[in-house]
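Quick note: the sequence shown uses the UniProt record's numbering, first residue 1, plus one each step. Input: a single structure, listed below in structure tokens.
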Amino acid sequence: MTRVLVVEDEPQIVRALRINLGARGYEVDAAPDGRAALDLAARRHPDVILLDLGLPDMDGTEVIRGLRGWLTVPIIVLSARHASAEKVRALDEGADDYVTKPFGMDELLARLRAAVRRAAPAEEAAVVSTEAFTVDLAAKKVRRDGADVRLTPTEWHILEVLVREAGRLVGQKQLLREVWGPAYEKETNYLRVYLAQLRRKLEPDPARPRHLITEPGMGYRFEA
């Protein structure tokens, strides 16, 4: 299910979007201001964001800038500002599309579908296998010795990020941003704890990991 974050302070617009998006199978979160939007984006990991520029606590372009420091999902701006300079500024900050209020719901939904399609990752191996375990990225499952391995949502998110970047170093800050959000960039102890848990569940010899590798002082790497 595609998760949409609606950042809008007008309750009637939020209500209309909730009804129309929900009826089409989208899962909707809503934030009334910029700070709530940044917090929800970090905690809920939306697939696409609908963002009003005229927010009560900060300009929407500031929100785009904050999100683009660590998030790559599509951002569609919804705004009553018609000036081309405003549109250019929002797009330059990292927005993917700009819809002017008042807007037609059919047009907005079409733009949302197009944005999600463009953001879809290139085709990749759905199942990644090692000597000890297999990771099914599509089904979000891990199997070891013929049985499913129960992972917490956070453990799965860390593993998924590393597996999708197989063979490449994922920096500590990048991993913390992707899993917990930008406010947690210095909490490297979180990574030590969760990587230790993952190794206990997946590595044949957790003390000598072969697949979940630590690069001291830099980050982590998944090796199949």
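Ideal Cβ positions, reconstructed from N, Cα and C, are used throughout, including at glycine.
With respect to L78, D52 sits close: the two C-beta atoms are nearer than 7 Å.
Selection T214, T154, M58 and R24 evaluated against D9 yields M58 as nearest (Cα-Cα). Counting C-beta atoms within 10 angstroms of its own C-beta, T100 has fewer than 16 neighbours from the protein chains shown and is therefore classed as exposed.
Taking a 10 Å sphere around the C-beta of I64, we find 16 or more other C-beta atoms and assign the residue as buried.
Within the same chain, L53 and S79 come within 8 Å of E86 by CB-CB distance, once the 5 residues on both sides are set aside. Secondary structure within the UniProt domain "Response regulatory" (3-116): the alpha helix (DSSP H) runs of 4 or more consecutive residues, fully enclosed, are 11-23, 34-44, 60-68 and 84-93 (chain order).
Nearest C-alpha to R81 among F103, Y190, P204 and T152: F103. By alpha-carbon distance to E27, the top candidate from V6, R43 and I13 is V6. L195 is the residue among L195, G217, V142 and A16 whose C-alpha sits nearest the C-alpha of R208. When the beta-carbon positions are compared, K173 and E187 stay at least 7 Å from each other. Here the alpha carbons of F222 and D148 stand approximately 20 Å from one another.
Here DSSP, grouped into helix, strand and coil, assigns E215 to strand. A115 places its beta carbon less than 7 Å from that of D97. P182 is the residue among G219, P182 and N189 whose C-alpha sits nearest the C-alpha of H45.
Non-local beta-carbon contacts of V73 in its own chain, meaning distances under 7 Å to residues more than five positions away in sequence, involve P46, D47, V48, I49 and A119 in chain order.
For T154, the uninterrupted alpha helix (DSSP H) segment begins and ends at P153 to R164.
For the set W180, R200, L169 and A16, the Cα lying nearest the Cα of M218 is the one of L169. CA-CA distance, A90 to T61, rounds to 6 Å. Under the three-state reduction of DSSP, A147 is assigned to strand.
Going by DSSP, T188 is part of the alpha helix (DSSP H) stretching over T188 to L202.
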